[in-house]
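Engineer:
Listed below in structure tokens is the structure:
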């Protein structure tokens with residue numbers, strides 16, 4: 452019997468996009484952190500200024516994952532709600548930067 456349930460297909464696609472975003476974040480965070488690790492400290496709370504130095508933007512993630520920026524933001528916000536990523540505060544004129552929790556290890 453073939454399952455033609457479209458909701459199953461969407462869940463699978465969403466899970467694949469989520470995993471691709473997590474993988475991309477891991478690489479991007481590691482690269483950006485490695486470039487400035489002597490200048491920043493990741494002990495305790497990470498400030499927005501530090502996060503802007505070490506975290507990729509929503510657009511960076513979208514371009515690498517070949518999805519639009521709105522999709523990237525949607526999935527990144529879901530990951531933030533799950534406690535898996537941090538984001539910078541909203542500041543007019545500044546892009547959002549994201550950090551995969553545990554990427555410094």
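Numbering (our numbering), first residue to last: 452 to 556. Backbone N, C-alpha and C define an ideal beta-carbon position, used for all residues, glycine too.
Taking just the CA atoms, how far does residue 491 sit from residue 501?
Structural biologist: Locating residue 501 in the chain shown gives position 50, where the first residue counts as 1. Locating residue 491 in the chain shown gives position 40, where the first residue counts as 1. Rounded to whole angstroms, residue 501 to residue 491 spans 7 Å at the Cα level.
Engineer: Give the secondary structure of residue 464 by DSSP, where H, G and I count as helix, E and B as strand, and everything else as coil.
Structural biologist: As a working note, residue 464 is residue 13 in the chain shown. Here residue 464 sits in helix by DSSP.
Engineer: Quick one: what's got a C-beta closer than 6 Å to residue 546's C-beta in the same chain, skipping five residues either side?
Structural biologist: The sequence position of residue 546 within the chain shown is 95, counting from 1. 508.
Engineer: Measuring only the C-alpha atoms, how far is residue 429 from residue 555?
Structural biologist: Residue 429 lies beyond the stretch modelled for the chain, which goes from 452 to 556, so this question has no answer here.
Engineer: Could you spell out the range, first to last residue, of the beta strand (DSSP E) harbouring residue 536?
Structural biologist: Here residue 536 refers to the residue found at position 85 of the chain shown. Here the beta strand (DSSP E) through residue 536 covers 536-538.
Engineer: So, are the CB atoms of residue 516 and residue 475 less than 7 Å apart?
Structural biologist: The residue labelled residue 516 in the question sits at position 65 within the chain shown. The residue labelled residue 475 in the question sits at position 24 within the chain shown. For residue 516 and residue 475, yes; Cβs fall inside 7 Å.
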